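The block underneath contains the structure these notes are about, expressed in structure tokens.
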Amino acid sequence: MNPSELSAIEKALSFVCHHCPVCSHARSHPDSFIGKLLHNPLHADHCPAWKAEQKAYPTSK
Numbered sequence: 121m122n123p124s125e126l127s128a129i130e131k132a133l134s135f136v137c138h139h140c141p142v143c144s145h146a147r148s149h150p151d152s153f154i155g156k157l158l159h160n161p162l163h164a165d166h167c168p169a170w171k172a173e174q175k176a177y178p179t180s181k
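Numbering (our numbering), first residue to last: 121 to 181.
Here you go:
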């Protein structure tokens with residue numbers, strides 16, 4: 121999805137998540153405890169910031 125298609129709230133949430141040190145660590149180390157915790161469906165399916173970040177930056181893992 122093109123970031124220009126996101127609402128202002130989704131842009132703000134995606135910015136926070138994308139620049140969060142914990143979330144950044146989880147994306148770059150998905151096999152770590154934090155990575156497994158944040159990629160777990162209990163978090164990934166319900167966190168609005170994580171969802172917005174995945175929409176805004178689909179290629180970042």
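Where a beta carbon is used, it is the ideal one built from N, C-alpha and C, also for glycine. Since the structure is predicted, the reported quantities are computational estimates derived from the model, not experimental observations.
Check whether residue i and residue j have beta carbons under 8 Å apart
| i | j | result |
| --- | --- | --- |
| HIS159 | ALA169 | no |
| TYR155 | HIS149 | Note on residue identity: the sequence assigns Gly, not Tyr, to residue 155. Yes. Within cutoff. |
Range covered by the alpha helix (DSSP H) that runs through residue i
| i | result |
| --- | --- |
| PRO168 | 168-176 |
| LEU162 | 161-164 |
For residue i, the three-state DSSP class (helix, strand or coil)
| i | result |
| --- | --- |
| LEU133 | helix |
| PRO150 | coil |
| LEU158 | helix |
Close Cβ partners of residue i (< 8 Å) along its chain, the five nearest in sequence each way excluded
| i | result |
| --- | --- |
| LYS175 | MET121, LEU126, GLU130 and SER134 |
Own chain, CB closer than 7 Å to residue i, minus 5 neighbours either side, in chain order
| i | result |
| --- | --- |
| CYS140 | none |
| LEU157 | HIS163 |
| VAL136 | ALA169 |
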